[in-house]
Amino acid sequence: METSTIVKSDLEIARESVIKPIVDVAAGIGLSPDDLELYGKYKAKISFDTLEKLKTKTEGKVILVTAISPTPAGEGKSTVTVGLADALNRVGKKTMVAMREPSLGPTMGIKGGATGGGYAQVLPMEDINLHFTGDLHAITTANNALAALIDNHLQQGNELRIDQRRIVWKRALDMNDRALRKVVIGLGGPVQGVPREDGFDITVASEIMAVLCLASDLQDLKKRLSRMVIAYNTDRQPVTVEDLGVEGALALLLRDAAKPNLVQTIEHTPALIHGGPFANIAHGCNSVIATRAASKLADFVVTEAGFGADLGAEKFLNIKTRAAGIAPAAVVIVATIRALKMHGGVPKKELAAENISALKKGFANLKKHTETIEQFGLPYVVAINRFIHDTEEETKTLLEMCKSESIPAAVTEVWEKGGEGGAELAGQVLKAIDDKKANFAPLYDLSDSIEEKIASIAFKVYGATTVDFSTKAKKQLAEFEHHGWGVLPVCMAKTQYSLSDDPQKLGRPEGFTITVRELKPSIGAGFIVALTGDVMTMPGLPKQPAALKMDIDEQGNASGLF
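In terms of our numbering, the sequence shown opens at residue 1353 and continues consecutively.
The following block contains the structure:
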């Protein structure tokens, strides 16, 4: 990779790129203007009528992109997702991208946007990373409408006998705001409502986000909304949205948000960007509706799952595949030499220096993620996402380590070269699909108990030796089985930085215990959330949030987005 003293920002590259009218991009996958609902010239939603017609079409192959455990050094999973799709189109494979929508919390915080990077981006980058088509605002509104309806029910006589101490539905905001984690509402006297404790989740952690992303259509969306548990009554029995009778109103607020958004990459590959649950506190995958639509419109779909294979990919393979009725043909595991050196003990400020010993030590993290994907019966390729300071010796060493472990790997340079830089990766992915047919199966049966499901994930995916349940979690295990929820899959809420539940344990920790402190029923989404460690459903902003660098000029052009 050439070194240069001047490196353009992602925003500069995006702004200089030629963007086609979205109706022209849609025409390339067989969609007419009548199939679209336009949001300006470069964004559109696909109509429900079109989505219904697509159901009879043959499905293409789904390629899942995941990664090693993330570090502050960056891995570039979204960038590789976009670049791989562009590369496949370059070799004549009709391909689409299916990705998540960014949340304003990380965009304004520390992580930045989620549209890829360099010459492997989706456009219009500014719109997507800010308000896009308003989907997250619709989810926030539906979430908070439900909260308001619950409190109004308390005020108007509480016919359902809701125990105000056991209301589990929180309010939501699409922003990192630690001050709202725990609040008291209803103060000021009888006309101001019923005083009680409450709190806020970030919108992408709302169960409504998960419901939207796992629903197959509008009717399924409404059914899932109706099943959501919002509280417990004075007999400690669950109270649902259906009991409150407002599932229709919530579905109405989500009507347009349920339609997938069509945009394009810099190389004009069609991309569906829809839904965006976090992968450390939710299931971390874009919507079932978007992934299935893309698989009907293209021969190959490149989609991603959040964070490492221990989080997003595990949830894609154990949860989303069941909801969507799909099975991936292959998996790409993104790794960088920088990140592997961090897993080997190198601090971020020293990553530019060559360090073979740290690279060899950090390789253990990559190896564990490949073993995880193998357990699902899927072929895979490691994408070595090359950075400017990677040395030839480091690259050679990593390729040799992969070869010695029979791990297929390809150096990718899609940030710098777009689809051209993903040619080797595309070739290896196609070869993996042809040579080693997928024999996919989830890691546990739905008939297993909740405790058995959690243990399967902890042992097989994380490499834990034991699982410990708090007193509260043990009590909830019995309660949830009693309510008939034991047949649902499990969504683990865990730090993304480590295979364990301790973010300080990098690399491949051994001999550790996973501690489950609490369980949460996400019955509408269709899974049980198991909370481990100190993972919070409302993150905070860092000391130097990305928002400090953002600005706008007199012509309305943004700066500081990345």
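Beta carbons are placed, not taken as given, at the ideal position from N, Cα and C, and that holds for glycine. Keep in mind it's a predicted model, so treat the numbers as computed, not measured.
Asked                                                                                                          : Found
Contact under 7 angstroms by Cβ, N1707 with K1719                                                              : no
Within 7 angstroms, strictly: CB atoms of L1851 and D1662                                                      : yes
Burial state of P1873, where buried means 16 or more other Cβ atoms lie within 10 Å                            : buried
Cβ shell of E1354 (< 6 angstroms), same chain only, five flanking positions each side left out                 : No answer about E1354 holds up, because its pLDDT of 44 lies below 50 and its placement is not dependable.
A1500 (DSSP reduced to helix, strand or coil)                                                                  : helix
Among I1514, P1897, A1778, G1770, the one whose alpha carbon lies nearest that of V1653                        : A1778
Alpha-carbon to alpha-carbon, D1503 and H1721                                                                  : 45 angstroms
Cβ-Cβ distance between R1697 and A1710 below 7 angstroms                                                       : Arg is not the amino acid found at residue 1697; the sequence shown has Gly there. Contact: yes.
Cβ neighbours of N1717 in the same chain (closer than 6 angstroms, five flanking residues each side left out)  : I1420, S1421, H1695, G1859, R1860
L1689 classed as buried or exposed, judged by whether at least 16 other C-beta atoms fall within 10 angstroms  : It should be noted that the sequence gives Ile, not Leu, for residue 1689. It is buried - the Cβ of I1689 has at least 16 other Cβ atoms within 10 Å.
Collapsed DSSP secondary structure at Y1926 in the structure displayed                                         : There is no way to answer for residue 1926, as the model of the chain reaches only from 1353 to 1914.
Within 7 angstroms, strictly: CB atoms of P1894 and K1700                                                      : no
When I1736, G1912, I1904, A1899 are compared against G1457, the one with the closest alpha-carbon              : A1899
Among I1785, F1728, L1614, V1734, nearest to S1399 - alpha-carbon criterion                                    : L1614
Per-residue DSSP class, three states only, for S1430                                                           : helix
Where T1408 falls, given that 16 or more other Cβ within 10 Å makes a residue buried                           : exposed
Residues sharing a beta bridge with V1548, DSSP                                                                : According to the sequence as given, residue 1548 is Arg; it is not Val. In the DSSP output, where bridge partners are listed per residue, R1548 has I1537.
Every unbroken alpha helix (DSSP H) inside the segment 1717-1767 [4 residues or more]                          : 1744-1756
Reduced DSSP category for L1512 - H, G, I as helix; E, B as strand; rest coil                                  : coil
Pick from E1768, Q1473, Q1589 that is closest to I1625, judged by C-alpha positions                            : Q1473
Extent of the continuous alpha helix (DSSP H) to which P1458 belongs                                           : 1456-1460
Same chain, Cβ closer than 7 angstroms to S1361, five either side skipped, listed in chain order               : F1914
Rounded separation between I1462 and C1637 - CA only                                                           : 20 angstroms
Check whether I1633 and A1557 have beta carbons under 7 angstroms apart                                        : yes
H1505 classed as buried or exposed, judged by whether at least 16 other C-beta atoms fall within 10 angstroms  : buried
Backbone CA spacing between G1426 and R1588 [nearest angstrom]                                                 : 45 angstroms
Nearest-angstrom Cα separation, counted from A1466 out to Q1780                                                : 25 angstroms
From D1526, L1498, G1469, residue whose alpha carbon lies closest to that of H1489                             : D1526
Best match in L1539, N1495, Q1507, K1611 for proximity to A1524 [C-alpha to C-alpha]                           : N1495
Per-residue DSSP class, three states only, for K1611                                                           : coil
M1844 (DSSP reduced to helix, strand or coil)                                                                  : strand
Start-to-end residues for the beta strand (DSSP E) that takes in N1585                                         : 1581-1585
Alpha-carbon to alpha-carbon, E1511 and E1411                                                                  : 48 angstroms
Proximity below 7 angstroms, CB of Q1907 to CB of L1871                                                        : no
Segment contact flag, the segment 1877-1897 with the segment 1721-1741, C-beta cutoff 8 angstroms, min 3 pairs : no
Unbroken stretches of the beta strand (DSSP E), 3 residues or longer, contained in the segment 1680-1716       : 1682-1687
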